[in-house]
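A quick write-up on the structure given underneath.
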Amino acid sequence: MNKSIFKSFASNTIFVIDKKYSKSDYTNIDLSVSNESLNKINVNHPKEMEEFINEFTKMNNAKVAIGGYLEVRNLYKRSKYFNEQANPSNERNIHLGVDIWAKEGTKVLAALDGEIHSFKNNTNHGDYGPSIVLKHQLEESVFYTLYGHLSLDSIKDVKIEQSVKQGDEIAQLGDSSINGDYAPHLHFQIIKDMQNNFGDYPGVCSLNQLSFFKENCPNPMELLGIL
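In our numbering, the protein residues as written are -1 to 225.
Structure representation (structure tokens):
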């Protein structure tokens, strides 16, 4: 698949959260290790992170914060799920999707026509919590989109192979008690090859894995066309 194919589909009609937020309501946020303002807060505390993101969004005259593709982050150091103490070089801290920071309960929408591939409640500390994966086809290419950090109700009545249309509400954002212990947000990721994963796919990788995952997980911003 040529990842540039997504650029031709980027338009004002592609949203993955509530359409009440126009694209002018979005602002880009940097949560990487290079953002020194993060040193002033406890990034491991979801309420502090939520306040930080809300203040940043307000200061930028926006309502939604977005960003994170290939960011190197410290957010994952708190969890053994992302770190191998025996081999620090395998630390997973490079973010492979885009995060869209919005309020708990915000509607999550299907990016494109497709069907439910899988879903799961991923309960590791710092993991997705409830997630849904959709399967799509554009021209001759099959690929997948992952929606993570959802509410528990979002996967209550989901059925495999259930058809969805672009813009359909497929879920809602969860709070920190269910979404992996984060401030409310959507993790949105494009995946070419699911590698036999079900309801889950790595959303963070190590430096020594980056070459593969960068190719298998194209930049979602090319599809969304928001910024």
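All C-beta atoms, glycine included, are put in the ideal place defined by N, C-alpha and C.
Since we're looking at a predicted model, the values are computed, not measured.
Original post:
Taking C-beta to C-beta, are Y145 and S129 nearer than 9 angstroms?
Top reply: The answer is yes: Cβ separation under 9 angstroms.
Original post:
Apart from the five residues on each side of it in sequence, which residues of its chain come closer than 6 angstroms, Cβ to Cβ, to K163?
Top reply: Here the set comprises D111.
Original post:
The alpha helix (DSSP H) with T55 in it runs from where to where?
Top reply: Note, T55: alpha helix (DSSP H), P44 to M57.
Original post:
Which partner residues does C203 have in the DSSP bridge list?
Top reply: DSSP, once it has assigned bridges, lists I92 as partnering C203.
**OP:** Please report the residue range of the beta strand (DSSP E) in which S139 lies.
**Re:** It spans S139 to G146 - the beta strand (DSSP E) in which S139 sits, taken as one unbroken run.
Original post:
Taking Cβ to Cβ, would you say A109 is nearer than 9 angstroms to L94?
Top reply: Contact check for A109 against L94 fails: the beta carbons are separated by 9 angstroms or more.
**OP:** Might you give, ordered along the chain, the residues of its own chain that have their beta carbon closer than 7 angstroms to the beta carbon of R71, omitting 5 neighbours on each side?
**Re:** Cβ within range, chain order: L29, S30, V31, N91 and H93.
Subject >> Cβ-based neighbour list, V14, same chain, cut-off 6 angstroms, excluding 5 preceding and 5 following >> reply: Annotation for V14: L107, A109 and F186 place their beta carbon closer than 6 angstroms to its own, counting only its chain and skipping 5 residues before and after.
Original post:
Would you call N194 buried or exposed, if buried means 16 or more other Cβ atoms sit within 10 Å of its Cβ?
Top reply: Label assigned to N194: exposed.
**OP:** Consult DSSP for K133 and reduce its assignment to one of helix, strand or coil.
**Re:** Note: K133 maps to strand in three-state DSSP.
**OP:** For I39, count neighbouring C-beta atoms within 10 Å of its own C-beta (all shown protein chains included) and say buried if the count is 16 or more, exposed if not.
**Re:** I39 should be labelled exposed.
Original post:
Quick one, which of I189, L208 and Q207 has its alpha-carbon nearest L232's?
Top reply: Residue coverage of the chain in this structure runs from -1 to 225, which leaves residue 232 outside it and unanswerable.
Original post:
From G172 to Y24, what distance separates their C-alpha atoms?
Top reply: Rounded to the nearest angstrom, the two C-alpha atoms are 20 angstroms apart.
Subject >> DSSP state of D151 mapped onto helix, strand, coil >> reply: The DSSP-derived three-state label of D151 is helix.
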